[in-house]
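Note that UniProt numbering numbers the sequence shown so that position 59 is 59, with each residue one more than the last. Each residue gets a CB set at the ideal place from its N, CA and C atoms; glycine is no exception. Every value quoted in this text rests on a predicted model; they were computed, and no experiment measured them. Below: the structure, in structure tokens.
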Amino acid sequence: MKNTEAIAYHPDSMDLATDQAGPILHMNERVQLLANSLSRIVEFDSFSYQSVREGVYVSIGSVEVHKCNYKIKESGRERGEFTLTRATPFKEEELMIIETAMGSIIQTCHL
1 MKNTEAIAYH PDSMDLATDQ AGPILHMNER VQLLANSLSR IVEFDSFSYQ
51 SVREGVYVSI GSVEVHKCNY KIKESGRERG EFTLTRATPF KEEELMIIET
101 AMGSIIQTCH L
């Protein structure tokens, strides 16, 4: 991810989301931490996270043509969804690496 990209942030119920998730970090800080962790694993141009249940949408970077999208579930309930985009297609190996790493990254970020 490029460090010079803009950040768009749209909170609807930040206090509720922060209280439910645990640590003192606000949701946008936790999502930024998640994006930074992922950027060490795979290159991307944009990252977005959305949780309809918590009323949160965070978007970082410039959206490109190729994307991969993942839903985060806990105990069968959807917690949120994140999308990575970039100008070149994601390779199958990269997708497997993202999927393998996501469990521990999500726990670390308290999403």
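Beta-carbon proximity list for residue i, same chain, < 8 Å, skipping 5 on both sides
i     : result
Glu81 : Tyr49, Gln50, Ser51, Asn69, Tyr70, Lys71, Ile72
Glu99 : Tyr70
Buried versus exposed, by CB contacts within 10 Å (16 or more), residue i
i     : result
Thr85 : buried
Arg77 : exposed
Ala87 : exposed
Val65 : exposed
Ser46 : buried
Val63 : exposed
Arg30 : buried
Cβ-based neighbour list, residue i, same chain, cut-off 7 Å, excluding 5 preceding and 5 following
i     : result
Phe90 : His66, Cys68
Inside the segment 22-99 only - beta strand (DSSP E) runs reaching at least 3 residues: DSSP runs (the beta strand (DSSP E)) wholly in the segment 22-99: 46-51, 56-61, 66-74, 77-86.
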